[in-house]
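A.B. asks:
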Amino acid sequence: MTTTFPSLRPSDPRCALLVIDVQYDFLPGGALAVADGDAVVPLINRLGAQFRNVIITQDWHPGGHISFASTHAGRAPFDTITLPYGPQTLWPDHCVQATHGAALHADLDLPHAQLVLRKGCNQGIDSYSAFIEGDRTTQTGLAGYLKERGIDSVFVVGLALDFCVAWSALDARTAGFNTWVIEDACRAIDLGGSLEKAWSEMLAAGVERIDSTNILSLPL
Ligand code: VGL
Ligand code: ZN
């Protein structure tokens, strides 16, 4: 798979930056901390300044969510269970609606972001993806939102690379978007080989793997 560098400028109205789940619970000290997760914030701010279209996502679970180990008697975080829609990794309680852990990092500086999309709000369905929930049926509406606005190219950054970033990038491809993941503006959980698996699935699906310098060096 050869990487094609974006031919569109980030300021092009057909491009959008998707900023995935830069929330306190995924940052050092948080309930489901991603190592070095806070390191992406200054870089995302620099990238964001170049994009006309910025969309932010927030993992936003009700208390007692199906993805929480605490919801299932005898289960521990990082166990896998089988739900009606398939296997589900169980997590520590995280990103509970309107808690501090669910808040976006205060240093995220994206005043021009037009949409904050909250996902994982359904009690009985997890949603790593910003596009389609874990049952692989329920749509968040993001694909329609982007398409109705003439956006056909998305650049994905944030946390966690091997879960919400990867699932969002894969679903962006399936929905027909040109899709790039800006690797150094992401950090991973890396659970049982999940990072390697995520990259092989993304590259096979035609997601392009690039570095922030590939964007920051483009003319505005
Ligand atoms: C995420 C696990 C559970 C993520 C969200 O944002 O990558 N990971 N919920
Ligand atoms: Zn979650």
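Numbering follows the working numbering, with no gaps: position 26 of the sequence shown is 105.
Built from N, CA and C at the ideal position, the CB exists for glycine as well.
As the structure is a prediction and not an experimental result, all values here were calculated from the model.
1. May I have the straight-line CA-CA distance separating Ser-201 from Pro-141, to the nearest angstrom?
2. If you count every other CB in all the chains shown that lies within 10 Å of the CB of Gly-213, and 16 or more means buried, which is it?
3. On the DSSP bridge list, what partners appear for Asp-138?
4. Would you decide whether Thr-292 is buried or exposed? Buried here means 16 or more other CB atoms lie within 10 Å of its CB.
5. Quick check: what's the CA-CA separation for Leu-87 versus Gln-193?
6. Checking 9 Å against the spacing of the C-beta atoms, do Leu-240 and Leu-274 come in under that value?
7. For the ligand ZN, which residues count as neighbours when the test is a C-beta closer than 7 Å to any heavy atom?
8. Would you be able to state if there are at least three C-beta pairs under 8 Å between the stretch 139-155 and the stretch 83-99?
9. Taking Ile-268 and Asp-205 to be in contact with their CB atoms under 8 Å, please state how far apart those CB atoms are, rounded to whole angstroms.
10. May I have the straight-line CA-CA distance separating Asp-158 from Asp-172, to the nearest angstrom?
11. Is it buried or exposed for Tyr-227, if we count other Cβ within 10 angstroms and need 16 for buried?
C.D. replies: From the atom records:
1. Strictly speaking, residue 201 in this sequence is Asn, with Ser absent from that position. Looking at the two C-alpha atoms, the distance is approximately 7 Å.
2. Counting the other CB atoms within 10 Å of its CB gives Gly-213 a total of 16 or more, which places it among the buried residues.
3. BP columns for Asp-138 point to Lys-198.
4. So Thr-292 ends up on the exposed side.
5. Going from the Cα of Leu-87 to the Cα of Gln-193 covers about 20 Å.
6. Against a cut-off of 9 Å, the Cβ pair of Leu-274 and Leu-240 comes out as a contact.
7. The answer, residue by residue, is Asp-138, His-140, Ser-146, Trp-170, His-173, Cys-174, Gly-199, Asp-205.
8. Taking 8 Å as the limit for Cβ pairs, the verdict is that the stretch 139-155 does not touch the stretch 83-99.
9. Contact flag wrong, Cβ pair sits at about 14 Å.
10. Between the alpha carbons of Asp-158 and Asp-172 lies a distance of about 13 Å.
11. Looking at the sequence shown, residue 227 is not Tyr but Glu. Counting other Cβ atoms within 10 Å of its Cβ, Glu-227 stays below 16 and is therefore classed as exposed.
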